[in-house]
Amino acid sequence: MNSIAIIAASGIGKRMQLKDGLSKQLLEIGGFPVIWHTLRAFERASSVSSVYIATKSENIELLKEMAASAGFSKVKAVIEGGRERQDSVNNCIKAVEREIRST
223 MNSIAIIAAS GIGKRMQLKD GLSKQLLEIG GFPVIWHTLR AFERASSVSS VYIATKSENI
283 ELLKEMAASA GFSKVKAVIE GGRERQDSVN NCIKAVEREI RST
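Heads up: the sequence shown begins at 223 in our numbering, then just goes up one per residue.
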């Protein structure tokens with residue numbers, strides 16, 4: 223059975239006290255953003271069939287481009303997150319439901 227991964231990546235990292243509005247998901251480890259490592263792990267996971275990402279509106283295109291250029295074919299949607307984590311997850315669930323209905 224395959225699973226769908228939902229990545230809630232809309233946070234602003236308040237506890238990390240990042241400057242200049244940098245998203246913690248875009249901090250680099252080993253030359254790649256944290257979110258890249260997460261996507262790569264799901265791309266390699268045979269039990270995961272698709273990935274949905276909720277992020278800040280200003281990061282949507284960046285994450286779409288990152289996924290495409292890295293060949294992360296399991297990324298099905300990058301959507302705007304919500305005010306709270308549960309809102310972001312709910313937005314992804316709605317996107318999954320739309321995808322299921324359209325197939």
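For each residue, glycine too, the CB sits at the ideal point set by N, CA and C.
Alpha carbon of residue i to alpha carbon of residue j, nearest angstrom
{"i": "C314", "j": "I251", "result": "26 Å"}
{"i": "K241", "j": "S295", "result": "32 Å"}
{"i": "S245", "j": "M238", "result": "10 Å"}
{"i": "I301", "j": "I229", "result": "10 Å"}
{"i": "G253", "j": "E321", "result": "33 Å"}
{"i": "A317", "j": "S310", "result": "11 Å"}
{"i": "L261", "j": "V297", "result": "8 Å"}
{"i": "R323", "j": "T277", "result": "23 Å"}
Residue i and residue j closer than 8 Å at C-beta
{"i": "V270", "j": "A231", "result": "no"}
{"i": "V273", "j": "F264", "result": "yes"}
{"i": "L284", "j": "I275", "result": "no"}
Under the three-state DSSP convention, the category residue i falls into
{"i": "F264", "result": "helix"}
{"i": "S225", "result": "strand"}
{"i": "I282", "result": "helix"}
{"i": "I251", "result": "strand"}
N-terminal and C-terminal residue of the beta strand (DSSP E) that residue i is part of
{"i": "K298", "result": "297-302"}
{"i": "S271", "result": "270-277"}
Segment limits, alpha helix (DSSP H) that includes residue i
{"i": "S310", "result": "307-324"}
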